[in-house]
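Here is the structure we will look at.
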Amino acid sequence: MEEESRIGDELSILVVTAERLRVAVDEAESFKTECGDVGKQIDRLAQMLRTLVRLVASSQQVYDRPIRRVIVDVKKNLERGFALVRKCRRHNIIRRVCTIINAGDFRKVINLLESSNGDVKWILSVFDSDGDGSFGGGIVISLPPIATNDPILPWVWSLVASIQMGKLADKIDAANQLGSLAGDNDRNKKIIVDEGGVAPLLRLLKESSSAEAQIAAATAIGLLACDEDKVRSIVNELGVPIIVQVLGDSPVRVQIKVATLVARMAEHDPIAQDEFARQSVIKPLVTLLSLDVFVDDHHLSKHNSIHSLVQMNKDIENDSSLKTYRAYKSSKSNVYRDIGGSGSRTGNFKKDRDNENPEVKHELKVNCAEALWMLARGNVANSRRITETKGLLSLAKIVEKEVGELQYNCLMTLMEITAAAESNADLRRAAFKTNSPAAKAVIDQMLWIIKEVDSTILKIPAIQSIGSLARTFPARETRMIQPLVEKLGSSNQEVAITAVISLQKFICPENFLGVEHSKNIIEYGAIPLVMKLIRNFEQQMQLQCLALLCYLSINASNHEQLEQAKVLTVLEGAERLASLQNPELRELVSKAIYQLSLYNAGSHSQMLSYVGP
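First residue of the sequence shown: 1, per the UniProt record's numbering; consecutive thereafter.
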């Protein structure tokens with residue numbers, strides 16, 4: 001109400017200014033005809049301004065962007081008119097000679113006042129198109145003089161005003177139109193955000209009892225969430241708690257759009273990632289993703305299978321985070337109960353969800369999986385939260401059972417979690433212990449994809465995930481090394497180079513089992529494949545292969561396959577290339593050459609002593 005009061009005060013000042021100008025017109029002694037024309041414009045303008053003041057005073061909420069823009073122009077035009085008309089009063093002869101005005105000056109002022117009348121009339125048509133003295137009569141698509149050069153601007157104003165102050169049908173229509181505008185180009189998105197379109201859309205999403213209205217609002221907001229600045233605007237309007245609340249307590253078709261909105265915001269803004277986590281969005285996303293997923297993996301022991309199944313079903317049926325949202329919602333004002341925010345409504349949503357057709361449920365899971373992927377991407381804390389909700393087991397099971405976009409989104413989520421575990425020892429130890437059923441299920445699915453699935457788009461993240469977990473595998477665990485070595489011979493260069501990088505992580509200095517892993521990699525036939533890659537790959541890829549060869553040479557310099565393949569000769573030839581490209585690689589190549597030279601020298605001296613003098 002304070003905002004409306006300030007607008008009302010500014011409009012009242014304009015009314016007073018118009019009345020002063022009317023008095024000046026009556027006092028004019030020269031150019032009476034022209035002053036009379038000014039007076040007619042002022043009478044119309046003052047009347048409309050008084051009507052607008054009454055509308056603002058009687059409204060609970062006013063969309064003020066167009067009003068403020070018009071106020072600035074009207075004030076400037078009234079002041080210019082007053083300055084001109086005042087010169088037409090009775091003055092002494094010297095003042096009259098010095099004050100030079102003509103009919104052209106009046107034409108300019110009259111044109112400006114006509115524009116102001118057109119602007120205020122447009123404002124009234126938007127806010128009172130029914131003519132009944134109340135705001136929100138419908139969407140008005142017309143062009144006021146103030147926006148002649150930018151027709152999108154008044155369209156956005158009218159749509160946002162309808163969303164904020166219109167009837168439900170108008171709100172839905174306006175939200176859909178606003179979403180369509182936002183989808184056209186980035187400039188439209190910027191105008192919508194700059195002109196205050198986010199807050200009314202969030203209010204419609206939060207308070208509407210209509211699923212259609214919530215879908216329209218969520219879709220429009222999702223289209224606006226296209227870069228970091230616009231997502232930050234949504235966050236700054238306190239949009240994240242609203243979005244999480246709606247996700248936890250809405251019909252499935254609304255949840256589908258809201259999950260997409262979470263994904264878009266998390267994709268573009270790390271602040272949004274963290275804010276969603278603070279508002280506990282991960283648990284309901286995992287719960288919705290896990291619907292109808294039976295965690296009965298045959299690799300688990302009987303005890304663990306039953307326990308996991310019971311626990312997962314208990315989480316789905318009795319999600320504590322959803323209870324939190326419901327308690328939060330019921331603790332709000334009676335407005336929420338009036339729009340249907342009761343426990344019976346929640347029960348109805350669950351019943352509706354159970355009765356939804358499989359295609360709709362599948363779409364919800366696809367979007368929830370994408371949201372989890374974007375929340376986990378580059379975010380250790382969110383990855384940890386997903387593992388703490390038993391999300392790993394559900395994600396692994398879906399990767400095993402599903403195909404298409406749902407399988408891919410879950411796989412990418414797991415890839416992000418394993419990448420986070422690679423960079424964070426605490427997460428690695430907590431989530432990927434060797435005796436963890438969830439970790440075992442994840443690794444099994446990654447290996448299955450690498451070995452059995454004929455899809456590059458799936459193989460690459462699976463290979464990356466195994467590489468990220470390289471430091472979690474004991475020396476005796478060699479089943480993941482052979483598939484990676486085999487992929488060195490892949491006809492797809494991207495698959496091959498991804499395998500090279502993943503194998504590096506098994507034998508780099510940061511992996512204290514590098515020596516044991518190096519021996520296993522060589523035993524599985526990696527050396528000829530790496531040598532072939534060095535010969536055939538382009539220069540940047542050659543450097544990765546060269547690094548892998550160096551690690552193998554340093555860790556297992558006494559292995560006979562290295563000598564048989566003439567690795568030392570290859571490294572000596574590559575030393576110049578490495579020195580030109582990368583100082584760290586140059587040092588690595590030098591160290592590998594030194595190690596191999598030592599072994600070869602020792603081997604040669606042993607041979608001489610054996611042959612004898």
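All C-beta atoms in this analysis are idealised placements derived from N, C-alpha and C, irrespective of residue type, glycine included. The structure presented is a predicted model; accordingly, all values stated were derived computationally and were not measured.
In terms of residue numbering, what span does the alpha helix (DSSP H) encompassing residue 651 cover?
-> Nothing about residue 651 can be reported from this structure: the residues present for the chain run from 1 to 613 only.
Straight-line Cα distance separating LEU78 from ALA103 | 18 Å
Just checking my contact of LEU124 with PHE106 at CB under 8 Å: how many whole Å lie between their CB atoms?
-> At roughly 26 Å, the Cβ-Cβ gap does not stay under 8 Å, so LEU124 and PHE106 are not in contact.
Assigned secondary structure, CYS508 (DSSP; H/G/I helix, E/B strand, else coil) | coil
Looking at the structure shown, is ALA18 part of a helix, part of a strand, or coil, going by DSSP?
-> helix
If you drop the 5 nearest sequence neighbours on each side, which residues of the same chain put their C-beta closer than 8 Å to that of ILE316?
-> Because the pLDDT at ILE316 is just 42, under 50, the model does not fix this residue reliably, and the value given afterwards should be weighed accordingly. Cβ within range, chain order: THR287, SER290 and LEU291.
Coarse secondary structure for ALA430, derived from DSSP in three states | helix
Go through its chain and collect everything with a Cβ distance to CYS35's Cβ below 7 Å, but skip five positions before and after it.
-> VAL25, ALA28, VAL85 and CYS88
So ILE527 is in the alpha helix (DSSP H); what residue range does that whole segment cover?
-> 526-536
Is GLN539 buried or exposed, if buried means 16 or more other CB atoms sit within 10 Å of its CB?
-> exposed
Contact check, MET412 vs PRO461, beta carbons under 8 Å | yes
Which one of GLN164, LEU543 and ILE7 has the shortest CA to CA distance from GLU584?
-> LEU543
If you drop the 5 nearest sequence neighbours on each side, which residues of the same chain put their C-beta closer than 6 Å to that of MET541?
-> ILE497
Cβ pair VAL530, LEU548 closer than 8 Å | yes
Report, in whole angstroms, the separation of the C-beta atoms of ILE507 and ILE521, which I expect to be a contact under 8 Å.
-> 7 Å
Considering only C-alpha positions, which residue in the set THR389, ASN435 and LEU364 is nearest to VAL409?
-> First, the residue type needs correcting, since residue 409 is Asn and not Val in the sequence shown. Minimum Cα distance to ASN409 is reached at LEU364.
Using only alpha-carbon positions, find the residue among SER394, GLY404 and ILE192 that is nearest to LYS440.
-> SER394
Are the segment 32-48 and the segment 109-116 touching by the rule of at least three beta carbon pairs closer than 8 Å?
-> yes
VAL140 and VAL126: beta carbons closer than 8 Å?
-> yes
If we ignore side chains and look at the alpha-carbon of each, how far apart do GLY8 and ILE152 end up?
-> 27 Å
Cβ-Cβ distance between PRO145 and ASP173 below 8 Å | no
Within the segment 430-485, note down every full beta strand (DSSP E) run reaching 3 residues or more, in order along the chain.
-> none
Close beta carbons around ASN582, own chain, < 7 Å, minus the five adjacent residues each side | LEU543
Closest by C-alpha distance to GLY81, when choosing among LEU224, LEU52 and ARG20 | ARG20
Quick one: give me the first and last residue of the alpha helix (DSSP H) that ASP229 is part of.
-> 228-236
For ASP64, which three-state DSSP category applies?
-> coil
VAL262 to PHE473 span [Cα, whole Å] = 34 Å
Among residues of its own chain, excluding the 5 on either side of ALA381, which ones have a beta-carbon nearer than 7 Å to its beta-carbon?
-> ALA277
Backbone CA spacing between ARG576 and LEU552 [nearest angstrom] = 20 Å
GLU359 versus ARG253, ASN492, SER423 and ARG54, residue with shortest Cα-Cα distance | ARG253
Just how far apart, CA to CA, sit VAL244 and ARG68?
-> 33 Å
Outcome for LYS459 when other beta-carbon atoms lying within 10 angstroms are tallied against a minimum of 16 = buried
Between ILE242 and LEU205, which are expected to be in contact by the criterion C-beta below 8 Å, what is the C-beta distance as a whole number of angstroms?
-> 6 Å
Determine the burial state of LYS397: buried for a count of at least 16 other Cβ atoms within 10 Å of its Cβ, exposed for fewer.
-> buried
Compute the beta-carbon to beta-carbon distance between ALA376 and ILE417, rounded to the nearest angstrom, for a pair I have assumed lies under 8 Å.
-> 6 Å
Nearest-angstrom Cα distance between LYS401 and VAL453?
-> 13 Å
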